[in-house]
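So in full-length UniProt numbering, spot 155 of the sequence shown is number 155, and the numbers just go up one at a time.
For glycine and all other residues, C-beta sits at the position ideal for the given N, C-alpha and C.
Structure first, then comments.
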Amino acid sequence: MADITHLSETPLPRRTEGRDAIEAGETHVDLIELFFFAYRDFVGDPDEILSSFGFGRAHHRVLHFVNRNPGMRVTDLLDILRITKQSLGRVLRELVDEGFVESRAGSADRRQRLLYPTAKGAALAREFMGLQSQRIAKALEQCGPGAEEAARRFLVAMIDTEDRAAVERLIERAQLPAATPSA
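Here it is, written out as structure tokens:
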């Protein structure tokens, strides 16, 4: 139900604004194309590794967020990825079947599905983060001082205004050290 409410709150004039910008000659075609090429190369190394498992980019995204947020609920993952339950179900089933993700029932509510990376899944997610971190580090180095903060501001500004706070909370929460169980 939350997705339906969210969609109904999204202003419809976006398409008109886009057309108006083009008619006013305010296109950023070069940046649009650079964005496509940068994304292609950014996900290229993980794509190559994923293909050896018969996996695609959706598997990468699921594995990334499960690894960064162990114990996350399936419903939270659906909200983050904005994909259908059916699409997530297929990808998640494959990741579970191949031993990359574990799905457990919630302790308070047994109907709740909580997702955890397995050791194999965490290792693969770290490999992807390493490859992508190297690419980002090289690009930031080429851009000079202040590039990381400028890139961060740009990327946050690209996120829909109403989603920014939730995205920032998700990132902050994932950066907190995981609670270690008492022995």
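Between I49 and the rest of its own chain, which residues show a CB-CB distance below 6 Å, the 5 nearest in sequence each way excluded? none
DSSP three-state assignment for R73, whether helix, strand or coil: strand
Tell me which residues share the same chain as Q42 and place their Cβ nearer than 7 Å to its Cβ, disregarding the 5 neighbours each side in the sequence. Position check: residue 42 holds Phe in this sequence, whereas Gln was assumed. Exclusion of the five residues before and after F42 leaves Q132 and R135 as the residues of its chain whose Cβ lies within less than 7 Å of its Cβ.
Rounded to whole angstroms, what's the CA-CA distance from C143 to I171? Just pull it up for me. 24 Å
Give the DSSP-derived three-state secondary structure of A108 in the structure shown. coil
For R82 and T75, I'd like the C-alpha separation in whole angstroms. 10 Å
Exposure of P117, with buried meaning 16 or more beta-carbon neighbours within 10 Å: buried
Collapsed DSSP secondary structure at residue 202 in the structure displayed: As displayed, the chain neither begins before 1 nor continues past 183, which places residue 202 out of reach and without an answer.
With a Cβ-Cβ cutoff of 8 Å, do D130 and L63 count as a contact? It is Gly, not Asp, that sits at residue 130 in the sequence shown. Contact: no.
Cβ atoms of D47 and R61: under 8 Å apart, would you say? no
So, helix, strand or coil for L115, using DSSP? It is a strand residue.
Quick one: using the 10 Å Cβ neighbour count with 16 as the cut-off for buried, is M72 buried or exposed? buried
Between the Cα of A125 and those of F37, S52 and V66, spot the shortest distance and give me the residue it belongs to. V66
With respect to the alpha helix (DSSP H) encompassing D160, which residues constitute its N-terminal and C-terminal limits? Looking at the DSSP string, D160 is not in any alpha helix (DSSP H), and its letter there is neither H nor E.
Under the three-state DSSP convention, the category S103 falls into: strand
With DSSP collapsed to three states, give me the class of residue 235. A query on residue 235 cannot be resolved here, the shown segment of the chain reaching from 1 to 183 and no further.
Can you tell me which of the three DSSP states S52 falls into? coil
Would L176 be called buried (16 or more neighbouring beta carbons within 10 Å of its own) or exposed? exposed
Can you tell me which of the three DSSP states L88 falls into? Helix, per DSSP.
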